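Enquirer: Protein sequences appear in the order of chains E and F. Each step along the first sequence adds one to the number in this note's numbering, with nothing skipped, and position 104 is 104. Convert by adding 1000 to the 1-based position in the second sequence; the result is the number in this note's numbering. Note that the Cβ used here is the ideal one computed from N, Cα and C, for glycine as well. Note that the structure is predicted; figures quoted are calculated from it, not measured.
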Amino acid sequence: KNEVEQSPQNLTAQEGEFITINCSYSVGISALHWLQQHPGGGIVSLFMLSSGKKKHGRLIATINIQEKHSSLHITASHPRDSAVYICAVRRRGNEKLTFGTGTRLTIIP
Amino acid sequence: SAVISQKPSRDICQRGTSLTIQCQVDSQVTMMFWYRQQPGQSLTLIATANQGSEATYESGFVIDKFPISRPNLTFSTLTVSNMSPEDSSIYLCSVEGRGLRDEQFFGPGTRLTVL
């Protein structure tokens, strides 16, 4: 079993829909990252979380440390949100990241 | 934040040749990492590039195949040596540290195709 699991693997939605992507992990962590990868391959860091909730524009990320679970929400989704969203965790005492396999999101106009 | 550039952005190479990928950061950083992302897969850490000393390689990756240089705190290179089609991947440089508040930033990636 992977240390970081994401669901769903693929998600297709209509423009305007509320999107939720989930990430569960099985190890103790110091931080969790949400990353966005566009078709060209480049990766953008969206959030780094160690507790609670963060919001940036239409994106919201939450984390529940006790349940070892994080969610990424996108409100009023738009076709430009189409990308692969990757969850990554930093294990406590280790500077390296462990990555989930990603969620491919497609927003249809 | 940190702005990272990589060269080349993409290349198509012949089997048996080598390619050197450059990573340049706009500020001094403590940690620089090189990742590989094979088609349809998630990121795999190749090595941590250490300034002034040899890189630290992850299990399954060796210096002869992936030599790394890090001459200063803003620059690193990764060479993919004696390439085979299995090396076709996106190679990403990533940085962390020195005022970046433990956040990790990624470069735009180098898309390598080996024929």
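1) Nearest-angstrom Cα distance between ARG80(E) and PHE1106(F)?
2) Can you tell me whether GLU1058(F) is helix, strand or coil according to DSSP?
3) Whole angstroms is fine: what's the gap from SER26(E)'s alpha carbon to TRP1034(F)'s?
4) Pick from HIS38(E), LEU59(E) and PRO39(E): whose alpha carbon is nearest that of MET48(E)?
5) Listing by chain order, which chain F residues have their CB less than 7 Å from the CB of PHE99(E)?
6) Return the CA-CA distance between ASN1050(F) and MET1032(F), expressed in angstroms with no decimal places.
7) Would you call HIS33(E) buried or exposed, if buried means 16 or more other Cβ atoms sit within 10 Å of its Cβ?
8) Residues of chain F with a CB under 7 Å from the CB of HIS69(E): which are they?
9) What's the call for LEU1092(F), buried or exposed, on a 16-neighbour Cβ count within 10 Å?
10) Determine the direct distance from the alpha carbon of ALA83(E) to that of ALA76(E), and round the result to whole angstroms.
11) Quick check: what's the CA-CA separation for TYR85(E) versus ILE74(E)?
12) Taking any Cβ of chain F, which residues in the stretch 51–65 of chain E have a Cβ under 9 Å from it, in chain order?
13) Could you check the C-alpha separation between GLN1028(F) and SER1076(F) for me, to the nearest Å?
14) Report all residues from its chain with a CB closer than 6 Å to the CB of SER1005(F); omit the five preceding and five following residues, and keep chain order.
15) With a CB to CB cut of under 7 Å and the five nearest residues on each side skipped, what residues in its chain are close to ARG1036(F)?
16) Listing by chain order, which chain E residues have their CB less than 7 Å from the CB of GLU1103(F)?
17) Which residues in the same chain have their Cβ closer than 6 Å to the Cβ of LYS53(E), if we skip the five residues on either side of it in sequence?
18) Taking the alpha-carbon positions, what's the SER1018(F) to GLY41(E) distance?
19) Could one say the Cβ of GLY93(E) lies closer than 8 Å to chain F's Cβ atoms, at least one of them?
20) Taking ARG91(E) as the reference, which of LEU72(E), ILE65(E) and ASN10(E) has the closest Cα?
21) Which same chain residues, not among the five before or five after SER30(E), have their C-beta less than 7 Å away from its C-beta?
22) Closest Cβ-Cβ distance between HIS33(E) and chain F: below 8 Å?
Expert: In short, the structure shows the following:
1) 20 Å
2) coil
3) 25 Å
4) LEU59(E)
5) SER1042 and LEU1043
6) 7 Å
7) buried
8) The contacting residues do not exist; HIS69(E) stays about 19 Å from chain F at best.
9) buried
10) 15 Å
11) 11 Å
12) none
13) 12 Å
14) GLN1024
15) THR1044, ILE1046, SER1089 and TYR1091
16) SER45 and MET48
17) THR62
18) 21 Å
19) no
20) ILE65(E)
21) SER50, ARG90 and ARG92
22) yes
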